[in-house]
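So in the working numbering, spot 12 of the sequence shown is number 16, and the numbers just go up one at a time.
Ideal Cβ placement from N, Cα and C applies to all residues, glycine included.
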Amino acid sequence: MNTRIFAMGKERRLPPGQHITGGFPVLTAGVTPRTALDAWTFTVEAEDHTKIASWSWDEFLALGPTEVTVDIHCVTRWSKFDTMWRGITVDRIFEAAGLEEPPSPFVMAFCDGGYTTNLPVEDVLDGKALVAWEYDGEPLAPEHGGPARLLVPHLYFWKSAKWVRGMRFMEENEPGFWETNGYHSFGDPWREQRYDGD
Numbered sequence: 005m006n007t008r009i010f011a012m013g014k015e016r017r018l019p020p021g022q023h024i025t026g027g028f029p030v031l032t033a034g035v036t037p038r039t040a041l042d043a044w045t046f047t048v049e050a051e052d053h054t055k056i057a058s059w060s061w062d063e064f065l066a067l068g069p070t071e072v073t074v075d076i077h078c079v080t081r082w083s084k085f086d087t088m089w090r091g092i093t094v095d096r097i098f099e100a101a102g103l104e105e106p107p108s109p110f111v112m113a114f115c116d117g118g119y120t121t122n123l124p125v126e127d128v129l130d131g132k133a134l135v136a137w138e139y140d141g142e143p144l145a146p147e148h149g150g151p152a153r154l155l156v157p158h159l160y161f162w163k164s165a166k167w168v169r170g171m172r173f174m175e176e177n178e179p180g181f182w183e184t185n186g187y188h189s190f191g192d193p194w195r196e197q198r199y200d201g202d
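(1) Within its chain, find whatever has a CB closer than 7 Å to the CB of Ala-136; leave out the 5 residues flanking it on each side and keep chain order.
(2) Let me confirm a value: His-188 is counted as buried when at least 16 other C-beta atoms fall within 10 Å, else exposed. Which label applies?
(3) Whose C-alpha, out of Lys-132, Val-94 and Tyr-139, is nearest the C-alpha of Gly-170?
(4) So, do the stretch 102-111 and the stretch 44-63 have three or more beta carbon pairs nearer to each other than 8 Å?
(5) Give the secondary structure of Gly-170 by DSSP, where H, G and I count as helix, E and B as strand, and everything else as coil.
(6) Relative to the C-alpha of Thr-73, which candidate in His-158, Glu-147, Phe-114 and Ala-40 has its C-alpha closest?
(7) Quick check on Asp-127: buried or exposed, where buried means 16 or more other Cβ atoms within 10 Å of its Cβ?
(8) In terms of alpha-carbon separation, which member of Ser-164, Glu-176 and Met-174 lies closest to Val-79?
(9) Can you grab the Cα-Cα spacing for the pair Glu-176 / Glu-51, in whole Å?
(10) From Tyr-139, Val-168 and Arg-195, pick the residue whose C-alpha is nearest to that of Gly-21; which is it?
(11) Candidates Gln-197, Pro-193 and Ala-100: which alpha carbon is nearest Pro-69's?
(12) Excluding the five sequence neighbours on either side, which residues of its own chain have a C-beta within less than 8 Å of the C-beta of Thr-32, listed in chain order?
(13) From the DSSP output, read off the bridge partner residues of His-77.
(14) Buried or exposed, going by whether 16 or more other CB atoms sit within 10 Å of the CB of Arg-172?
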């Protein structure tokens, strides 16, 4: 009886078409990059690729971390509840870059390994997204996107780009890696926006 009550409560947090997993599946296209921390930087760029701001690993960690506990939802239909992360909110990153207002309505997250994903700026602000380097109290493993990944938990997990190294502002919503290969441009799990046309 208690198990059923627990499951019913969890179902209210489960988007349609998803199932709960207790594990943390690893899904990667290509080889897992492994970047040394002394070579790692995070950069905010204008649309023409000029640098607005950039930080080394130690400088980035000193920006003012926060901790969140969130549910995550993969386009391959698994969901994991109550995941714990530590990182820097995108709000804080933009503030540290001296941006009072974002200069464009979209950003492209770019990453080691050539991976990219596009996002509306409004979906990475107001505490909705962070760049995370810790998962469940431990440094983020490379197979899960370490040393740092984007975390945008209200969208399908491919939008939480692994091995993130920066964000570039865009006037137009250009597609990223998976979006070019048939995934939905936005990726709302509650609307089942898995693929282009959903």
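The relevant details are as follows:
(1) Translated into positions along the sequence shown, residue 136 becomes position 132. These residues qualify, in order along the chain: Trp-89, Arg-90, Gly-91, Leu-144, Ala-152, Arg-153 and Leu-155.
(2) The count along the sequence shown starts at 1 and reaches residue 188 at position 184. Flag for His-188 reads buried.
(3) Stepping through the sequence shown from its first residue, residue 170 is reached at position 166. For the residues Lys-132, Val-94 and Tyr-139, the minimum Cα distance to Gly-170 belongs to Val-94.
(4) yes
(5) Position 166 of the sequence shown holds residue 170. Note: Gly-170 maps to strand in three-state DSSP.
(6) As a working mapping, residue 73 is identified with position 69 in the sequence shown. Closest option to Thr-73, Cα to Cα, is His-158.
(7) The residue labelled residue 127 in the question sits at position 123 within the sequence shown. With 16 or more Cβ atoms within 10 Å of its Cβ, Asp-127 is classed as buried.
(8) By one-based count along the sequence shown, residue 79 stands at place 75. Comparing Cα-Cα distances from Val-79 to each of Ser-164, Glu-176 and Met-174, the minimum goes to Ser-164.
(9) Start at 1 with the first residue of the sequence shown, and residue 176 comes out as number 172. Start at 1 with the first residue of the sequence shown, and residue 51 comes out as number 47. Their backbone Cα atoms lie some 10 Å apart in a straight line.
(10) The residue given as residue 21 occupies position 17 in the sequence shown. Gly-21 has its Cα closest to that of Arg-195, out of Tyr-139, Val-168 and Arg-195.
(11) In the sequence shown, the residue the question calls residue 69 occupies position 65. Of Gln-197, Pro-193 and Ala-100, the residue nearest in Cα terms is Ala-100.
(12) Within the sequence shown, the letter at position 28 stands for residue 32. Correct list, in chain order: Glu-147 and Lys-166.
(13) Counting from one through the sequence shown, the residue named residue 77 turns up at place 73. Bridge partners of His-77: Ser-83.
(14) Here the question's residue 172 lines up with position 168 in the sequence shown. Result: buried.
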